[in-house]
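Enquirer:
Protein chains in written order, with the working numbering: chain A, -16 to 480; chain B, -16 to 480.
So, in structure tokens, the structure goes:
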């Protein structure tokens, strides 16, 4: 107990839970320079993106065509979107397409840059740096440019675009999160709010956390350090609890922004402080300017951010490597068109069923060397024992020419439960009644001790299949066989499955 | 297609689905005699039991104390039963206890009989047969005796016992089952009826079927024949569909009655016809007599029938054989006190979790022979890959004295999925970055072909751990080791888990 406590409260544990204690003592001016640069760059990406996502959380994707009155479910969304397509505002459509095109072009330009520009002539270096900065802060650049265009039209009283309009000015107030919601038709209490979330209440945090961990792992692997999932969970959890007092949307890790952070050479979590400062300054001083941001520009930012997550090559890879794994993939994918949480739950359930099926129907290989040798290709758990016994009855006992002796090779049985023990007891009884000698081989010591304590009458076990064969046929039997005829334990020659 | 059809409609398939085609052609007079005896005996057991269960389906277990107005949930049942215990009718209590005692005594007497009475003197043989018959038909004997006692009291206008009272006379009418229910406070429609069943709608048929199959298997094993679970399902399903037109309660197999059937030497399903005849005759002609059956006697019949199912020795067995399996047992047992279906569902869920935990946390054994050899003790599926990789990082790469080379022995890996493939890819990358040589051994051909198609860079596989060791240390390495030092594949010497 004392050692647990000491371990719990050691400086190393504290360092793990408050990582600032680990990096602050080593902090240098060089780190500060890099963290500032990275932090501000991320800030320029995050402000327009945050504005765009704030739009999407309230409104569906009609945010680029300028359509209104569209319901939430995907099928209906698609239907109504096409149904009302005639109402499309030409200004929104043109601006949205131009912004999307610009974002794609800027991204591609940045990709085309040579990795090291130090050896280039001065002019090329300056150009390269401009392209690199514009490419990284492309969201901010496109949104600012679109806003300027919108401002010009508005100042001449030409209402071409749907604008963001008035947004709440200044920093959000620090207050308890709302535990009830007042609507026009009465108050929604806390339990009703929870019920409205439905399965999302479990799925959204789960997906958010899994995504964050996946991102953290990807960058940890790329930059050669390791992460502690528990610490990530604590960090995301406390951020969200604190955030809820500041009217924040739930936060998780972002692949795109982490990539920007990493590429601009962030050295410590202090980069996040610089990003935070940019966000707070925007909220404090720039919100009046947000009025003129066209919604079509924000929609373009989101479409470009999300489309990079979409990777069709995985289908080809799964087809090549393991076709069965396409099934949960496709079910999740199609289910998400209905509702995202149903898609994810269906994928999880199907993966579980496939896993369970593998356990319930272990592969059995049977070879006949005078004595029949039956190899279980994987473990033997309670969902499988019935099937395995039935297979033995059908394929061995009820065969046209039943053998005198059978060896059941249990090399791969790593754990055993009481139902399995009872199944084996019944199997042994049935073989005794049919007067067929049944020997077991290769049980792991742990499994054998469970079987011994169950006192199964007639259980005969040998340390190896060879020993069992020698017991049946005498010492010379396996020596007399050709090398190719030897029923080696992990060879598959001669076995039919 | 044609062969499937031919197979489907062959006489053998027809025989399997209509077993009467198999046994009727061989039917003999000897079989008829045995079937009649067994059928009538079962009938004498089933009529009082059916009456008793009909009571219990409508009323809870207060039926032996003569209490009323007790709610349904177990905790509350116990509380109210004891709360209202002062209202106990002395007549019911005494009769109930006497009937229970009689039933137990008759059962014990029957058990004490010698198995073969043929060699005994005539008088002993007659006595033995009387005891045997009374023991077998003990339910009928006790109920008839109790009814006679009740009749005597009632005829002298002394209302000592709660009686069964008027029961519907004659055979039940053949009619469509009710798809709605009229209550005093309105009509309950079909969907509401279904909702009222709740989880029971799935659990009751499931448990009923599982119980029937378990009973069928137990007697099949004892009498040396095999059953076809599909055929049992068809038989139970069609009985229940037909039964629903005759106001029947749902039927499943009964352990006690099957035991009576088996002990009295039933030869074919024709025994069931004799039992059915006894039941129909009772319904047609004996229902007026049912008026005088005391409910306390029926309660005693149920308590004795149900208590034989209760077997505490299983706890000792599970403790001895596998303590972990006590957990789902106890959770089911305790959950059933809340509501039976919750108990069963909790037991199923916990068994699933234990199974899943075994998959997600495979045992890993690590041995150091200069080269570190890591043995996976069971399969490697997607829930486990993260854990296994982390264990390798922590226990091998971050060890005080990291090795130059590691062999991962995958003998027990019988199937692999895409998540596992990706995990192994990352594992290989990490080992490459740390400049530790990672070799794989003993992959099964099926698994190896998946890994090959995934084109994992740096995957090096050897057919056996010895081959991998020889590759690392030269041909003579394993020969130079002591016999006891050889890292044999399915030996556990030298491995720490």
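The beta-carbon is built from N, C-alpha and C at its ideal position, and this holds for glycine as well.
As a quick exercise: from 298/B, 309/B, 403/B and 185/B, pick the residue whose alpha carbon is nearest that of residue 328/B.
Expert: Of the listed residues, the one whose Cα sits closest to residue 328/B is 185/B.
Enquirer: Chain B beta carbons: is any one of them nearer than 8 Å to that of residue 346/A?
Expert: Taking Cβ atoms only, chain B reaches closer than 8 Å to residue 346/A, which makes this a yes.
Enquirer: Between residue 104/A and residue 111/A, what straight-line distance do the alpha-carbon atoms span, to the nearest angstrom?
Expert: Their Cα atoms are separated by approximately 10 Å.
Enquirer: Is the Cβ-Cβ distance between residue 401/B and residue 304/A less than 8 Å?
Expert: Contact flag set, yes.
Enquirer: I believe residue 78/A touches residue 117/A by the beta-carbon criterion, under 8 Å. Please report the beta-carbon distance rounded to the nearest angstrom.
Expert: Contact doesn't hold; Cβ gap of about 19 Å is too wide.
Enquirer: Since residue 145/B and residue 343/B are thought to touch, with beta carbons under 8 Å apart, how far apart are those beta carbons, to the nearest angstrom?
Expert: Not confirmed; about 56 Å, so no contact.
Enquirer: Which residue wins for smallest C-alpha separation from residue 331/A, given the options 323/A, 315/A and 345/A?
Expert: Closest by alpha carbon: 315/A.
Enquirer: In whole angstroms, give me the CA-to-CA distance for residue 44/A and residue 225/A.
Expert: Because residue 44/A carries a pLDDT of 37, less than 50, the predicted location of this residue cannot be relied on, and the following value inherits that uncertainty. Spanning the two alpha carbons is a distance of roughly 29 Å.
Enquirer: What distance in whole Å lies between the Cβ atoms of residue 138/A and residue 276/A, which are believed to be in contact at a cut-off of 8 Å?
Expert: The Cβ separation is near 15 Å, so there is no contact.
Enquirer: For residue 148/A, tell me which candidate among 133/A, 161/A and 398/A has the shortest Cα-Cα distance.
Expert: It is 133/A whose Cα lies nearest to the Cα of residue 148/A.
Enquirer: Based on the DSSP secondary-structure assignment, which residues constitute the bridge partners of residue 174/A?
Expert: Answer by DSSP bridge pairing: none, since residue 174/A is not bridged.
Enquirer: For residue 240/A, tell me which candidate among 29/A, 272/A, 208/A and 196/A has the shortest Cα-Cα distance.
Expert: The shortest C-alpha separation from residue 240/A is found at 29/A.
Enquirer: What's the call for residue 121/A, buried or exposed, on a 16-neighbour Cβ count within 10 Å?
Expert: Classification of residue 121/A: buried, given that the 10 Å Cβ count is 16 or more.
Enquirer: Cβ closer than 7 Å: which chain A residues qualify as neighbours of residue 362/B?
Expert: Under the 7 Å cutoff, chain A gives 361 and 362.
Enquirer: Please determine, among 387/A, 181/A, 20/A and 161/A, the residue with the shortest C-alpha to C-alpha distance to residue 250/A.
Expert: Ranking the options by Cα distance to residue 250/A, first place goes to 20/A.
Enquirer: Assign residue 360/B to buried or exposed, taking buried as 16 or more other Cβ atoms, counted over all protein chains shown, within 10 Å of its Cβ.
Expert: Counting Cβ neighbours within 10 Å, residue 360/B comes out buried, since at least 16 surround it.
Enquirer: Examine chain A for any beta-carbon lying closer than 8 Å to the beta-carbon of residue 433/B, and answer yes or no.
Expert: Closer than 8 Å: yes.
Enquirer: With three or more beta-carbon pairs closer than 8 Å as the criterion, would you say the segment 230 to 247 of chain B touches the segment -2 to 16 of chain B?
Expert: Too few Cβ pairs lie closer than 8 Å, so no.
Enquirer: Let's test the definition: count the other Cβ atoms within 10 Å of the Cβ of residue -4/A and tell me whether it reaches 16, buried, or not, exposed.
Expert: Result: exposed.
Enquirer: I need the straight-line Cα distance from residue 1/B to residue 191/B, nearest angstrom please.
Expert: Looking at the two C-alpha atoms, the distance is approximately 22 Å.
Enquirer: Taking the alpha-carbon of residue 227/A as reference, which of 319/A, 156/A and 201/A has the nearest alpha-carbon?
Expert: The residue with the shortest Cα to Cα distance from residue 227/A is 156/A.
Enquirer: List, in chain order, every chain B residue whose beta-carbon is nearer than 8 Å to that of residue 208/A.
Expert: Result: empty, since nearest Cβ-Cβ is about 11 Å, beyond 8 Å.
Enquirer: Does DSSP put residue 284/B in a helix, in a strand, or in coil?
Expert: Three-state DSSP puts residue 284/B in a helix.
Enquirer: Quick one: grab the DSSP three-state call for residue 365/A.
Expert: Three-state result, residue 365/A: helix.
Enquirer: By Cβ distance below 7 Å, which residues in the same chain neighbour residue 83/A in space, the five residues on each side in sequence not counted?
Expert: Excluding positions up to five away in sequence, the list reads 283, 286 and 287.
Enquirer: Would residue 424/A and residue 445/A be called neighbours here (beta carbons separated by less than 8 Å)?
Expert: Yes, the pair counts as a contact, with Cβ atoms nearer than the cut-off.
Enquirer: So, for residue 199/B: in the same chain, excluding its five sequence neighbours on each side, which residues have a beta-carbon less than 7 Å away from its beta-carbon?
Expert: Correct list, in chain order: 210, 215 and 236.
Enquirer: Short of 7 Å Cβ to Cβ, which residues in the segment 414 to 439 of chain B face chain A?
Expert: The segment 414 to 439 of chain B vs chain A, Cβ under 7 Å: 416, 425, 428, 433, 436 and 437.
Enquirer: Please list the partners that residue 404/A has in chain B, where partner means a Cβ-to-Cβ separation under 8 Å.
Expert: Per Cβ cutoff of 8 Å: 304 and 305.
Enquirer: Identify whether residue 428/B lies in helix, strand or coil by the three-state DSSP scheme.
Expert: Residue state, collapsed to three classes: helix.
Enquirer: Check this for me: beta carbons of residue 324/B and residue 197/B, under 8 Å apart or not?
Expert: Not a contact, by the Cβ cut-off of 8 Å.
Enquirer: Going along the chain, which residues of its own chain have a beta-carbon closer than 6 Å to the beta-carbon of residue 318/B, five neighbours each way excluded?
Expert: The answer, listed in chain order, is 325, 326 and 329.
Enquirer: Could you confirm whether any beta carbon from chain B is found closer than 8 Å to the beta carbon of residue 1/A?
Expert: So, not an interface residue.
Enquirer: Among the candidates 25/B, 385/B and 4/B, whose CA atom is the shortest distance from the CA of residue 255/B?
Expert: Here the closest residue by C-alpha is 25/B.
Enquirer: Would a check of beta-carbon distances place residue 338/A closer than 8 Å to chain B?
Expert: It does; some Cβ of chain B falls within 8 Å.
Enquirer: Just how far apart, CA to CA, sit residue -6/B and residue 392/A?
Expert: Approximately 37 Å, taken between the alpha carbons.
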